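Each remark here refers to the structure printed beneath this line.
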Amino acid sequence: MGDDTDDRGGGAPQLPPRSGRPPLVSVTGRVEQVTQPAPAALQQVLLEMAAALPGVRIGPSLVCVEGTRAFHVPAGTQLAKRQLLLADGEFGHLHPVYDGSLHLRLPDPVTARAVAAGWALAAEPEGSVLVFAPRDPEELETIWQLVLAAYRHAAPGGVAAQTTNDAQGDPHDADPDPAADR
Numbered sequence: 001m002g003d004d005t006d007d008r009g010g011g012a013p014q015l016p017p018r019s020g021r022p023p024l025v026s027v028t029g030r031v032e033q034v035t036q037p038a039p040a041a042l043q044q045v046l047l048e049m050a051a052a053l054p055g056v057r058i059g060p061s062l063v064c065v066e067g068t069r070a071f072h073v074p075a076g077t078q079l080a081k082r083q084l085l086l087a088d089g090e091f092g093h094l095h096p097v098y099d100g101s102l103h104l105r106l107p108d109p110v111t112a113r114a115v116a117a118g119w120a121l122a123a124e125p126e127g128s129v130l131v132f133a134p135r136d137p138e139e140l141e142t143i144w145q146l147v148l149a150a151y152r153h154a155a156p157g158g159v160a161a162q163t164t165n166d167a168q169g170d171p172h173d174a175d176p177d178p179a180a181d182r
């Protein structure tokens, strides 16, 4: 999986339009995706890819239901702003296996592209999005670009983002200059 960003969009990834109808989403109480869940195998690949990012720890979410797997930046990482996180150190999370959607904090240009292309809905807290669950390996590649954007947004320059070369999650060398992607 590559890193397809567009310098004209502030480093926002190129996002193809999401095919098909959007999933049903519950917005009463907790926000969750009700239809079109991600296959468990794709969720596992996504978790492994996120865990391979330098310094990222996968653990329980500090702000979501039990079974939610959170992406935490390393302790001591120089964060751009605390409001770029969902909770202390948490820049995103993958909802329980019955769902597979994600909440991420993204830069404004990426949020705009993700919503316009049908991949996400604006969510609470302000500045976060609900990213729809990937239904297949091709969608996983797009979702991965959004996870990378959230990672870079949370700790710009503090952690070099790593990309992968395919949907299996095989990591390769870390990006030598993550600032060039913004």
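With the numbering used here applied, the sequence shown closes on residue 182, and no number is skipped along the way. Where is the CB? At the ideal position from N, CA and C, for every residue including glycine. Computed from a predicted structure; not experimentally measured.
Report back the beta-carbon spacing between G92 and V34 to the nearest angstrom; my notes put them in contact at under 8 Å.
Rounded, the Cβ-Cβ distance is 20 Å, inconsistent with contact.
Provide the residue span of the alpha helix (DSSP H) that contains V45, from first to last.
A40 to A51
Determine the burial state of R21: buried for a count of at least 16 other Cβ atoms within 10 Å of its Cβ, exposed for fewer.
exposed
Which same chain residues, not among the five before or five after A114, have their C-beta less than 8 Å away from its C-beta?
L15, L106, A120, V129, V131 and L146
I need the DSSP call for L146, collapsed to helix, strand or coil.
helix
I'd like the span of the beta strand (DSSP E) that includes P60, first residue to last.
R57 to P60
Let's see if you can read the secondary structure: which residues bound the beta strand (DSSP E) around V27?
Looking at the DSSP string, V27 is not in any beta strand (DSSP E), and its letter there is neither H nor E.
May I have the straight-line CA-CA distance separating P23 from E139, to the nearest angstrom?
14 Å
L140 in three-state terms, based on DSSP:
helix
Thinking C-alpha only, which one of V73, S101, M49 and A122 is nearest P109?
A122
Using the Cα positions of P134 and Q43, report the straight-line distance between them to the nearest angstrom.
8 Å
I need the DSSP call for V97, collapsed to helix, strand or coil.
coil
Using C-beta distances below 7 Å, list every residue in its chain close to P37, excluding the 5 sequence neighbours before and after it, in chain order.
Y98, D99, G100 and A133
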